[in-house]
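Here is the structure we will look at.
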Amino acid sequence: MSTVADNVSQMPELTDEAIDEARAVLGRWFRRSWNSLEITAEAVANSARSLGDRNPLYLDEKYAAASPYGGLIAPPYFLAAIPPLHAAPKLRGIHWMYAGSNWTFVEPLRVGDTITSHARLADLQIKEGRVGGRMVLQTGELLYVNQRGDLVATGAPTVMRTVRRRQDGKGLSYDPRRPCWDAEDLRVLEEYQLSRTLRGATVRRIGEVTVGEPLPVLKKGPFTAVDFALSGFDAQEGWYGFGQGAHIYQFLHRRRHPADAFKNPDSGLDDKAYRGHWEPYMAQQAGMPGMYDMGHHRGGLMAQAVTDWAGDQAFVVNCTSVISRPIVVGDVLSIEGTVDSVAPDGIVHIALRGVIQNGDVVCTGEATVALEASKAPASISIAK
Amino acid sequence: MTDSTIVAEITVESAAAVGARKGPLPTRKPHHGEIARPIVHMWAKAIGSRNLLSFDESYARQSCFGGIVAPGTFLYAVDDTVHLPVGSTLGAAYAQVRWEFFRPLRLGTKVTTKSWIEDVIVKDSSFADKAIHQISVTEYYDAQGRLLARARPTLFLYDRRAAVEIGKYSHIVRHTTVGAEVQKISTAYDEESIRGSEVRYAEEVKIGEPLGPVVRGPLTAEDVICFVERSCPPTTYEYFLDARRNGAGYYFIDEYGVPNSWYTALLLDDVAAREGVPVAHDYGPERVCWIDDAIRNWAGDAGFVRTLDVRLTSPAVHTHTTWITGSVTDVRITDESSIATVHLEGTNQAGVKTIEAAAEVELQSLRVPVRASAIR
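Here the protein sequences line up with chains A and B, keeping their order.
Counting from 1, one number per residue, gives the positions in the first sequence under this note's numbering.
Counting from 1, one number per residue, gives the positions in the second sequence under this note's numbering.
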């Protein structure tokens with residue numbers, strides 16, 4: 001195991017100089033030209049399945065052809081599959097925690113479209129964290145442009161940069177936890193998950209939506225390491241981690257970015273600090289309570305709760321998520337939603353929150369939905 | 001019936017009762033039904049291949065194929081050939097495979113598959129006393145119905161408790177890679193020889209000529225995740241629940257009461273240990289892909305791997321490094337074909353063999369400069 005000195009040397013503090021260096025790139029568009037990504041039916045279906053989304057609008061070509069969109073579209077969270085996932089440069093050696101997203105849609109993400117993204121760091125805030133002390137919130141601006149040059153969506157992902165758990169007492173430091181389940185609780189939960197229905201093709205009309213109305217709760221879990229690591233959601237290049245590739249590509253990356261590496265005392269290797277998602281040791285080193293979820297997956301689950309309720313006729317104009325606490329292996333997440341307001345033109349605002357089994361609120365969010373896509377605020381063209 | 005301590009009786013009859021029996025398998029929707037550029041590129045990165053023919057469009061345009069060609073074993077991303085018997089609670093390991101490749105995998109090709117179980121045999125096993133060898137066949141077809149390739153894998157099905165009790169691999173531990181060893185691996189990556197556009201003619205090939213070395217690793221969870229995510233990832237969330245309700249037995253209830261896929265053994269040592277391997281390990285097929293890549297590195301762009309036999313002889317676990325070396329064992333040049341036979345093996349840093357492989361590679365011949373069969 002590593003010594004205090006080793007530990008501290010691998011976990012730099014958040015210095016004013018490092019923050020100034022990060023601030024210096026504010027507003028500059030990234031030079032890297034991201035690969036354009038063609039939205040294929042397979043990629044859409046695979047991303048939906050990987051989050052347990054059964055919506056046939058993303059899975060069934062025939063069904064989608066009969067929908068208002070006239071064909072397959074991608075779910076809102078597909079934006080997380082288009083590189084880059086976030087724009088949080090600099091601060092090497094300071095841990096990344098995906099802290100939320102703000103996705104706004106101008107047009108549906110259609111199968112067959114090729115999306116190119118542009119990214120820059122748009123905001124940098126210094127905060128005092130409840131658990132980890134001083135931290136930096138970096139918010140990016142992402143523009144998604146289709147092959148015709150039309151802006152189809154924007155994103156504003158926020159990443160929390162925080163010092164990892166240090167043996168000198170500084171840094172992020174959650175107490176470990178690992179929830180237990182008994183068979184009967186699990187049976188009830190599974191029955192709920194299996195019986196939950198989607199709105200689907202049944203149009204949700206303005207007259208049937210009332211302020212204060214709850215959305216059907218979306219329950220996910222108990223989460224497993226396979227959900228976090230092997231679901232296939234990150235098979236696209238959206239997340240930097242796997243987009244880098246394996247073996248030689250990992251070696252080359254570590255050579256280029258030595259401060260990204262975190263010595264694994266077990267293997268002797270310069271390894272990835274993000275492996276705490278599926279490795280208990282690194283989760284502990286990062287200061288997390290256990291193997292923890294991918295924040296962008298959670299943003300996707302919140303969007304799923306909204307599209308499940310809204311039905312095919314509706315269009316999600318905006319969906320935000322703020323991730324406030326980690327989810328660990330064994331947790332069950334309930335996404336709850338409440339209609340906040342209904343405008344005469346059918347624009348519905350929804351308040352969202354995610355609660356785990358002990359009652360802790362682990363994320364919050366909002367969504368704006370146009371019940372009839374043709375009445376969405378932006379010039380949305382549905383059937384093309 | 002999902003507890004890992006349950007001992008399944010290892011007989012052909014008991015295997016048949018849960019679906020490991022000869023006959024056709026249900027048609028599976030391909031995970032990637034079209035050979036598309038981004039997928040092939042990501043695939044190359046997932047197996048650690050730097051062969052430009054797989055991802056550099058301008059380079060590939062100059063090749064004899066006139067465009068990007070996926071390696072034959074890319075077909076694992078279409079269908080990973082792993083057919084777990086539906087109700088089986090047995091452990092499963094990818095033991096060996098024979099690939100036959102008939103046509104290059106060009107971009108835009110739409111692929112469908114047909115699979116069946118060819119044989120189910122019970123054999124004595126030094127790992128788990130007895131094991132079922134489920135031999136299946138998966139054929140891959142293009143949209144015109146032409147056979148692209150055929151895979152004949154053997155899935156090794158075994159009783160986990162017997163494997164733990166016997167402890168054949170109980171000596172395996174994580175390896176700490178330090179100092180000169182890191183440098184050696186780094187140098188091997190830098191010096192990996194890729195023949196590329198320089199044609200390797202059969203007449204120039206000498207028996208005994210070496211292949212490699214090609215290095216992979218030290219294996220990390222990220223390497224394994226890269227491969228599994230890009231081939232055929234396991235079901236999760238509601239789909240995992242569906243699979244369990246539909247009789248899938250490939251899961252266990254952990255000590256916290258939570259159902260977990262046995263794929264967790266690819267990530268966590270304590271779960272791998274319950275399968276008889278003390279350290280989290282690879283999926284299996286990626287080693288076949290590494291071998292394919294090593295051969296393509298040697299053969300050059302104009303070479304075409306016709307057959308590939310790979311046997312996985314020992315676990316490849318996290319932190320271990322695989323060194324692939326080989327040699328040419330035969331060259332046959334006729335008016336119809338020019339085939340080099342190569343044998344390769346993969347050994348880990350301790351010299352333990354983890355892969356045995358043989359392949360037939362069609363090379364260009366000085367007598368018949370362009371073999372249309374290889375580049376059609």
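For glycine and all other residues, C-beta sits at the position ideal for the given N, C-alpha and C.
Can you tell me whether DSSP reads residue i as helix, strand or coil?
i         : result
B:Asp-190 : helix
A:Trp-96  : strand
A:His-349 : strand
B:Leu-308 : strand
B:Leu-155 : strand
B:Asn-246 : coil
B:Thr-235 : coil
B:Tyr-251 : strand
A:Asp-331 : coil
B:Asn-260 : strand
B:Asp-270 : helix
B:Phe-74  : helix
B:Gln-144 : coil
A:Gly-133 : strand
A:Tyr-281 : helix
B:Asn-297 : helix
A:Asn-46  : helix
In whole angstroms, give me the CA-to-CA distance for residue i and residue j.
i         : j         : result
A:Asp-60  : B:Ala-163 : 43 Å
A:Asp-53  : A:Ile-73  : 13 Å
A:Leu-218 : A:Gln-193 : 8 Å
B:Trp-116 : B:Phe-227 : 24 Å
A:Thr-409 : A:Asp-185 : This structure does not reach residue 409 of chain A, given that chain A is present from 1 up to 384, and the question cannot be answered.
B:Ile-10  : B:Gly-19  : 13 Å
B:Glu-209 : B:Gly-326 : 8 Å
A:Ala-183 : B:Arg-103 : 51 Å
B:Thr-313 : B:Leu-266 : 17 Å
B:Arg-230 : A:Val-44  : 14 Å
B:His-83  : B:Tyr-250 : 11 Å
B:Trp-323 : B:Ile-225 : 20 Å
B:Thr-113 : B:His-133 : 22 Å
A:Arg-177 : A:Gly-330 : 9 Å
B:Val-97  : B:Val-78  : 16 Å
B:Ala-294 : B:Ile-47  : 11 Å
A:Ala-66  : A:Val-211 : 30 Å
A:Gln-10  : B:Gly-108 : 46 Å
A:Asp-123 : A:Arg-130 : 21 Å
A:Ser-324 : B:Ser-136 : 48 Å
B:Thr-264 : B:Ala-272 : 8 Å
Across which residues does DSSP place residue i in a beta bridge pair?
i         : result
A:Thr-158 : A:Gly-100 and A:Thr-139
A:Leu-269 : A:Asn-264
B:Val-137 : B:Trp-116
A:Ile-356 : A:Leu-333
B:Val-328 : B:Val-342
B:Pro-210 : B:Ser-327
Going by other Cβ atoms of all chains shown within 10 Å of its Cβ, with 16 needed for buried, is residue i buried or exposed?
i         : result
B:Tyr-256 : exposed
A:Arg-49  : buried
A:Gln-147 : exposed
B:Gly-212 : buried
A:Gly-365 : buried
B:Ala-280 : buried
A:Cys-180 : exposed
B:His-31  : buried
B:Ser-58  : exposed
B:Thr-236 : buried
B:Asp-190 : exposed
B:Ile-207 : exposed
A:Lys-220 : buried
B:Gln-144 : exposed
B:Ile-204 : The question names Ile, but residue 204 of chain B is Glu in the sequence shown. Answer is exposed; the Cβ neighbour count stays below 16.
A:Gly-169 : exposed
Subject >> chain A contacts from the segment 212-230 of chain B (Cβ-Cβ distance under 7 Å) >> reply: Listed by position along the chain: Arg-216, Gly-217, Pro-218, Thr-220, Ala-221, Glu-222, Asp-223, Ile-225, Cys-226, Phe-227, Val-228, Glu-229 and Arg-230.
Original post:
At a Cβ cut of 7 Å, what residues of the segment 42-62 of chain A count as close to chain B, listed as they run along the chain?
Top reply: Taking 7 Å as the Cβ-Cβ cut-off against chain B, the residues of the segment 42-62 of chain A that qualify are Glu-42, Arg-49, Ser-50, Leu-51, Gly-52 and Arg-54.
Subject >> Residues of the segment 206-229 of chain A whose Cβ lies closer than 8 Å to any Cβ of chain B, in chain order >> reply: Within the segment 206-229 of chain A, the qualifying residues are Lys-220, Pro-222, Thr-224, Ala-225, Val-226, Asp-227 and Ala-229.
Subject >> Positions along the segment 233-245 of chain B whose CB lies within less than 9 Å of some CB in chain A >> reply: Going along the segment 233-245 of chain B in chain order, one finds Pro-233, Pro-234, Thr-235, Thr-236, Tyr-237, Glu-238, Tyr-239, Phe-240, Leu-241, Asp-242, Arg-244 and Arg-245 with a Cβ nearer than 9 Å to chain A.
Subject >> chain A contacts made by the segment 52-71 of chain B, where a contact means CB separation under 8 Å >> reply: Those residues of the segment 52-71 of chain B that come within reach of chain A (Cβ to Cβ, closer than 8 Å) do not exist; the list is empty.
Original post:
For the segment 253-285 of chain A, which residues have a beta carbon sitting closer than 7 Å to at least one beta carbon of chain D?
Top reply: The displayed structure is made up of protein chains A and B, and chain D is not among them.
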